[in-house]
Structure formats: C-alpha cells, structure tokens
Amino acid sequence: MHLARSLAAVLAASALALTGCAGDDLADDNASDDSSPSASADKGSVTIAGQNFPEATLVASMYEQLLEDAGYTVETKLVDSRDAYMPTFPGDVDIVPEYVGGIVNFLNSQENGDSAEPFEAGDGQQLADDGADLLEAAGIELLDVSPATDTNAFFVTQEYSDAEGVTTLSDLEGTSVVLAAAPDCEGRLDCEGGLSDEYGIDVTKVLELGYASDQTYQSVIDGESQLGETSTTDGTLESQGLVVLEDDKAIQPAQNLVPAISADFLEANPDVADILNPLMAALTTEGLTELNGQMAVDRAKPEDVAKEFLESEGLL
C-alpha cells in the first residue's frame, strides 16, 4: 500500500528471485497432486507477487486458495517492498494484491519522477479512475475496488502520548524523532517524506525494521525509536501499550484493497475477475482488522485465517 521510490531493476529482480521461497509457505502441497481438483481442472499457471507483511500475506493466500480451487496452478512470491516486484509486473508476475493509492502513485512516480504531485483522492474508485491512463500504459488492470481500506499509520507508546500531550501527527511538529518503518519509507510522501515536509517533524533517522513488524513495535516500546509505522487496520496496538497518532493533515491517499492484474493475462483468463471480485466485495475494513488480529494476537497462520474466512463467506 505504499508509495515507493524506485530501486535498480536488477536488484529488484534479484530480490524477487531470492525471496520467492516465502511464497512456498503459502503454497498448497496438493497443487501438484494429480488427484486434487486444481490439477484435474488444469487451467494453467499463474504467478502472484506481493509484499511480505502480515496483511498482504493474508490476502495473497486468499487469492492463492481461490485460484487453486478454480483449477489454476499458483506460484506465490512475497518480497519486502513494491520496488522488488514491479520491475517484473506485468510480465513474469500476473497478479498482485494491491492498494489503490500505492499502485497508482508508484506508477505516477515512475512516469513523472519522484517529485511528481501525488494522486490524493480519498475515494478508492475515484483514485483508480484518476490513475486509469497510467495503469493502461503499464499494461495493468484493476478489478473491483474493495470497501476494505488500509492506510499507513504512525504510532507512539501510550506513555509517550500521555506525557507529551501528543495525539496527532501535527503535535510532533518541530520534534526530533527516530522512525522505525518499512525499508522503502525514506523520502516517500506517505511516509518519511510526508512526515518531514508536510508535518515538519525532524526525522533524524529511519530504522528499516519493517512495516508493522515485531521489530518495529519493540523498537518503539524500548525507546530506540519514538515513532513507528503500521496500518490503520492493526489490531495489536492497544495490547502492546501503543497508540496511533491521527493523520490530521490527511497525507494518506485512499488505500482500498484491489487486485492488480496483467492486462494480457486477464484477457487470456477473464474468469479470474469472477474468482477475485466476490472476495473484494466480502472484505470490509472492520473485518480486515479482525483478521489481522487473529494473526498478530492469536498467532494464527495466514493461510489458516484465509481459509476460514473464505469458507465462512461461501467463497471456498
């Protein structure tokens, strides 16, 4: 869901290849079993790529299970950031679980430079419409935009919030902080760049500890960092004594969940829309927060949470 700054394509491609094994954890061992429904249907292969944080892993597993149930042989590759898979999408990658603002603004920065004015519509479908030309030029189509939305959020400890009277990001104007965040945060308008330029926060250092990761939480709890990056659907913060600061200047664009698909792949496999669109309709922000909590608090496996949800919605 993040706006990203470009890395060298060769490094990104290498990262995708090296971390492809992350998707193996999601892969159903029965995918290659000739007795499975998927094998008997034999609709061909599909490659899913995505970011390797819990929510994205969960949604990738939902895609994978639905597509395998429909007869596709699925390979899933999860990587650290959007920079790593975009050089091969579309192409080697067919489908990506995306966020509207993330994909549109990534393409915008690719086409018009890192300083390009970002698309800022607060409505997911409007943002998708605004980025239609960029998506078409890239050979990417978006399926139905889900009502479920998840934007970047920044948290502090409840103790820090109470002691300093900090409840909004504007309350940190002029304050020096260390930020624990995703590897691609620095300079991004929805991350370090926006905190520095729009809010006037003095981010002295970005610790690349991951998006909504245990390391990021612990860094803030231990006082190594004052500010951490997570999402608005993070269901773990209260139990850890952490609190999100309000994005009162609204630097986050709409980040509704949406399947991004290679236009060529979709033309050849139009049934994929019928497989994934019902999932988008079934997901809600409240429901997504609950599913995230099952993984983070209850330590449930993403593939198990995904399967239970799909079955409960009659999708699997």
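Going left to right, the sequence shown walks through residues -22 to -1, 1 to 294 as mature numbering (1 follows the signal peptide of the UniProt record, and there is no 0) numbers them. Where a beta carbon is used, it is the ideal one built from N, C-alpha and C, also for glycine.
- The stretch 59 to 137 contains, as complete alpha helix (DSSP H) runs of 4+ residues, the segments 60 to 63, 78 to 90, 102 to 108 and 110 to 116 (chain order).
- Here N234 carries a strand assignment [DSSP, helix/strand/coil].
- When rounded, the separation of the alpha-carbon atoms in L185 and T127 is 26 Å.
- In the three-state scheme derived from DSSP, where H, G and I count as helix and E and B as strand, T146 is classed as strand.
- As computed with DSSP, Q196 is found in no beta bridge at all.
- Around Q103, the same chain offers V123 as residues with beta carbons nearer than 6 Å, after the five sequence neighbours per side are excluded.
- In the structure shown, V37 adopts helical secondary structure according to DSSP, grouped into three states.
- The DSSP-derived three-state label of I239 is strand.
- For L266, the uninterrupted alpha helix (DSSP H) run begins and ends at T263 to A274, by DSSP.
- For the 8 Å CB-CB criterion, D180 and P68 do not form a contact.
- Q29 counts as buried, since no fewer than 16 other beta carbons sit within 10 angstroms of its beta carbon.
- Counting only residues of its own chain and dropping the five nearest sequence neighbours on each side, L112 has a CB closer than 7 Å to the CB of V82, L85, N86 and E89.
- Ranked by Cα distance from S191, the first of D175, S154 and T214 is T214.
- Apart from sequence neighbours up to five positions away, the residues of its chain that approach L121 with a beta-carbon distance below 6 Å are P237, A251, L254 and N255, ordered along the chain.
- Apart from the 5 residues on each side of it in sequence, T135 sits with its Cβ closer than 7 Å to the Cβ of V198, I199, G219 and L220 in its chain, given in chain order.
- Exposure of G152 is indicated by the presence of fewer than 16 other C-beta atoms within 10 angstroms of its C-beta.
- The stretch 257 to 265 makes no contact with the stretch 131 to 146, as fewer than three CB pairs between them are under 8 Å.
- Of F287, V156, G271 and L235, the smallest CA-CA separation from F133 is found for V156.
- Q193 sits exposed, since fewer than 16 C-beta atoms from the chains shown fall within 10 Å of its C-beta.
- Around the Cβ of K55, a 10 Å sphere holds 16 or more other Cβ atoms; the residue is buried.
- Cβ contact annotation for L44 (same chain, cutoff 8 Å, sequence separation greater than five): I253, L254, L257, L288, L293 and L294, in chain order.
- In the three-state reduction of the DSSP assignment, Q29 falls in the strand class.
- With respect to the C-alpha of Y50, the residue from D58, A116, Q196 and I73 having the closest C-alpha is I73.
- For L293, DSSP assigns no beta-bridge partner whatsoever.
- Taking the C-beta atoms as reference points, S203 is found nearer than 8 Å to A158.
- Taking the C-beta atoms as reference points, L266 is found nearer than 8 Å to E33.
- Judged by DSSP in its simplified three-state form, D212 adopts coil rather than helix or strand.
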